[in-house]
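S.K.: Under the UniProt record's numbering, residue 353 is the last one in the sequence shown; the count climbs by one each step, no gaps. This is the structure I have questions about; it appears just below.
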Amino acid sequence: MQIPALGSGTSTSGRRLAFGDGGVGRSTVQATSAGQKAARLPSTRGGLRNLDFELNRQVAGAQQALNFLDQAGSRLQSLKGILSGKLAEKKADSGTASGSDAKLNEQLRQFNALWRQRDAATAGTLDGQLRGVQAGSAQQRFRIRGLDAASLGSGDKETLSFSAAGKQVSVALDPAAGEAAVLRRLQNALAPIGMGVERSGGSLMFSVAEGDWPAVRDSLAVKGGGQRFPTGQFNRVRTEAEADAIQPQSWRADDTQAARQTLQEVLTALDLIRQARNTISRSLAEADARMQPQQKGATGAAAAADESDWAASFVQRFEAMAEKPDFNVFAAVAPALTAVSRNRVMALLGMAA
Numbered sequence: 001m002q003i004p005a006l007g008s009g010t011s012t013s014g015r016r017l018a019f020g021d022g023g024v025g026r027s028t029v030q031a032t033s034a035g036q037k038a039a040r041l042p043s044t045r046g047g048l049r050n051l052d053f054e055l056n057r058q059v060a061g062a063q064q065a066l067n068f069l070d071q072a073g074s075r076l077q078s079l080k081g082i083l084s085g086k087l088a089e090k091k092a093d094s095g096t097a098s099g100s101d102a103k104l105n106e107q108l109r110q111f112n113a114l115w116r117q118r119d120a121a122t123a124g125t126l127d128g129q130l131r132g133v134q135a136g137s138a139q140q141r142f143r144i145r146g147l148d149a150a151s152l153g154s155g156d157k158e159t160l161s162f163s164a165a166g167k168q169v170s171v172a173l174d175p176a177a178g179e180a181a182v183l184r185r186l187q188n189a190l191a192p193i194g195m196g197v198e199r200s201g202g203s204l205m206f207s208v209a210e211g212d213w214p215a216v217r218d219s220l221a222v223k224g225g226g227q228r229f230p231t232g233q234f235n236r237v238r239t240e241a242e243a244d245a246i247q248p249q250s251w252r253a254d255d256t257q258a259a260r261q262t263l264q265e266v267l268t269a270l271d272l273i274r275q276a277r278n279t280i281s282r283s284l285a286e287a288d289a290r291m292q293p294q295q296k297g298a299t300g301a302a303a304a305a306d307e308s309d310w311a312a313s314f315v316q317r318f319e320a321m322a323e324k325p326d327f328n329v330f331a332a333v334a335p336a337l338t339a340v341s342r343n344r345v346m347a348l349l350g351m352a353a
């Protein structure tokens with residue numbers, strides 16, 4: 001997960017959102033006698049720098065992903081211990097074994113349920129391959145039987161119509177235009193119905209938002225001109241979803257062999273969880289470093305100049321966002337203004353005197 005550098009000055013240390021102390025920025029203050037005035041009042045950029053909406057959203061998404069990974073790692077560690085104990089038992093009392101099996105089956109059920117909630121629990125910031133993505137953009141990738149890179153690059157012209165979840169689009173394919181051009185046309189045509197497509201080896205890998213996948217999977221149909229797909233009515237197509245990196249729905253512990261196989265998959269899942277967590281943690285650390293003041297030791301005129309530059313930049317960004325206010329703007333502004341007291345306002349006004 002890459003968290004973009006948006007020029008904020010609020011730290012993300014401690015896995016907290018980039019909400020400051022409720023201070024107010026100096027967007028309307030003129031930088032006259034700036035060196036003296038900077039000493040009269042502490043820097044107040046923390047609160048309004050929270051208006052870096054996208055940065056806050058990405059940091060919050062990364063934190064949600066980390067929380068989910070922590071839960072998953074804890075459940076997997078528990079499963080690892082129970083499975084190891086089961087395999088280590090040579091001669092167990094039947095009553096004890098029954099109780100152990102019941103606990104193991106419950107742990108397997110709970111982890112499977114947790115994994116199914118991944119998209120909702122992470123607000124779409126962690127996909128099935130444990131890749132950190134932009135908030136709400138986790139994708140389910142899939143193939144369509146009968147539609148691959150080879151079929152796009154050969155044959156005659158044909159218009160394909162796609163129907164998914166009540167939406168329809170059409171695209172004219174001409175292999176003579178070249179594979180890259182045909183792929184671009186297909187991408188452009190599918191975008192309005194929320195589908196993407198890219199080449200993956202010799203296959204075409206389609207994608208939709210994970211939340212939309214059940215509806216797309218159960219309704220996707222294609223109509224052609226008799227070349228790649230039949231004419232006439234839409235025909236339901238068979239899709240092959242990309243398997244998740246972790247597949248707890250297949251884990252079993254009915255016998256020693258099944259338990260041993262499940263333990264191996266649990267160990268592999270633990271390694272994947274650690275890798276994903278490390279990657280997201282590094283991104284948060286990098287974002288934290290970018291958001292630290294670039295000149296920590298700057299004082300006097302240098303500090304005032306930094307404040308002035310930031311204020312000018314902030315005013316431009318704030319005006320641009322205020323042109324199209326919505327709830328997200330209000331949600332970001334409100335925490336920044338909750339601590340704006342009369343005394344603070346008077347102090348700010350006094351700086352311009």
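For glycine and all other residues, C-beta sits at the position ideal for the given N, C-alpha and C. Since this is a predicted model, take the numbers as computed values, not measurements.
Tell me which residues share the same chain as residue 217 and place their Cβ nearer than 8 Å to its Cβ, disregarding the 5 neighbours each side in the sequence.
M.R.: The residue labelled residue 217 in the question sits at position 217 within the sequence shown. Hits under 8 Å: 142, 239, 241.
S.K.: Do you know how far the Cα of residue 256 is from the Cα of residue 85?
M.R.: As a first step, residue 85 must be located in the sequence shown, where it is residue number 85. As a first step, residue 256 must be located in the sequence shown, where it is residue number 256. So the two alpha carbons sit approximately 12 Å from each other.
S.K.: Applying the 10 Å Cβ sphere with the 16-neighbour rule, what's the burial state of residue 248?
M.R.: In the sequence shown, the residue the question calls residue 248 occupies position 248. Residue 248 should be labelled buried.
S.K.: Leaving out the 5 sequence neighbours to the left and right, which residues in its chain are closer than 7 Å to residue 251 when beta-carbon positions are compared?
M.R.: Here residue 251 refers to the residue found at position 251 when the sequence shown is read from its first residue. 108, 262, 265, listed in sequence order.
S.K.: Give the single residue among 123, 161, 219 whose Cα lies nearest to the Cα of residue 228.
M.R.: As a first step, residue 228 is located in the sequence shown; it is residue number 228 there, counting from the start. It is 161.
S.K.: What does residue 205 pair with, by DSSP beta-bridge criteria?
M.R.: In the sequence shown, counting from the first residue as 1, residue 205 sits at position 205. Partner(s): 198.
S.K.: To which residues of the same chain is residue 179 closer than 6 Å at the C-beta, ignoring the five residues directly before and after it?
M.R.: By 1-based counting over the sequence shown, the position of residue 179 is 179. Around residue 179: 153.
S.K.: Cutting at 7 Å between CB atoms, please list the residues of its own chain near residue 148, excluding the five before and the five after it.
M.R.: Mapped onto the sequence shown, residue 148 falls at position 148. 202, 203, 204.
S.K.: I need the straight-line Cα distance from residue 106 to residue 80, nearest angstrom please.
M.R.: Your numbering for residue 106 matches position 106 in the sequence shown. Your numbering for residue 80 matches position 80 in the sequence shown. The alpha-carbon atoms of residue 106 and residue 80 are separated by roughly 14 Å.
S.K.: On a Cα-Cα basis, can you pick out the residue from 77, 281, 224 that is closest to residue 66?
M.R.: Position 66 of the sequence shown, counted from the first residue, corresponds to residue 66. When each option's Cα is compared against that of residue 66, the closest is 281.
S.K.: What is the residue span of the alpha helix (DSSP H) that residue 187 lies within?
M.R.: Taking the first residue of the sequence shown as 1, we reach residue 187 at position 187. Note, residue 187: alpha helix (DSSP H), 179-190.
S.K.: By DSSP, does residue 233 sit in helix, in strand, or in coil?
M.R.: Here residue 233 is taken as the residue at index 233 of the sequence shown, counted from 1. Coil, per DSSP.
S.K.: Which residues share a DSSP beta bridge with residue 144?
M.R.: The residue given as residue 144 occupies position 144 in the sequence shown. BP columns for residue 144 point to 147, 239.
S.K.: What did DSSP end up calling residue 221 once you bin it into helix, strand or coil?
M.R.: Taking the sequence shown and counting its residues from 1, one reaches residue 221 at position 221. Residue state, collapsed to three classes: strand.
S.K.: Please classify residue 312: is it buried, with 16 or more other beta-carbons within 10 angstroms of its beta-carbon, or exposed?
M.R.: Taking the sequence shown and counting its residues from 1, one reaches residue 312 at position 312. Residue 312 comes out exposed.
S.K.: Does the distance from the CB of residue 246 to the CB of residue 115 come in under 8 Å?
M.R.: In the sequence shown, counting from the first residue as 1, residue 246 sits at position 246. In the sequence shown, counting from the first residue as 1, residue 115 sits at position 115. Yes, they are a contact pair.
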